[in-house]
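Each residue of the sequence shown is one higher than the one before, counting from 0 in numbering that gives the first Met the number 0.
A short worksheet on the structure shown next.
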Amino acid sequence: MLKRLWLILGPVFCALVLVFSLIMFYPAKHLSHDYNEEKNDAVALSPSSFKSTNKKMRALSDKRHLFVPFFGSSEWQR
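Next up, the structure:
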């Protein structure tokens with residue numbers, strides 16, 4: 000009886016533990032805004048920085064600086 004109950008509820012319990020641990024231990028470092036880092040990312044031409052969704056979302060969600068979503072790198076060079 001306990002084995003059958005574990006086969007039914009075990010995966011649900013394991014999934015809840017994994018979701019809880021992901022929420023508790025998720026690194027929040029990339030959520031902080033650093034103005035100079037965003038400025039350097041805006042002119043970077045490497046594929047990893049150009050295609051990074053996290054960097055774009057971090058820059059666009061900054062309420063203090065209000066970045067304009069241009070996909071050119073010359074805006075910060077002026």
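We put the CB at the ideal spot given by N, CA and C, even for glycine.
All values derive from a computational prediction rather than experimental measurement.
Rounding to the nearest angstrom, what Cα-Cα distance links residue i and residue j in this structure?
i: SER60; j: TYR25; result: 19 Å
i: LEU65; j: LEU4; result: 53 Å
i: LYS62; j: TYR34; result: 12 Å
i: ILE7; j: VAL16; result: 16 Å
i: LEU1; j: PHE19; result: 25 Å
i: CYS13; j: ASN53; result: 28 Å
i: PHE10; j: GLU37; result: A quick correction: the sequence has Pro, not Phe, at residue 10. If you take the alpha carbons of PRO10 and GLU37, they lie about 41 Å apart.
i: LYS55; j: ASN39; result: 12 Å
Quick one: is residue i buried, meaning 16 or more other Cβ sit within 10 Å of its Cβ, or exposed?
i: ARG57; result: buried
i: LEU21; result: exposed
Ignoring anything shorter than 4 residues or poking outside the stretch 1–32, list the alpha helix (DSSP H) runs there in chain order.
1–24
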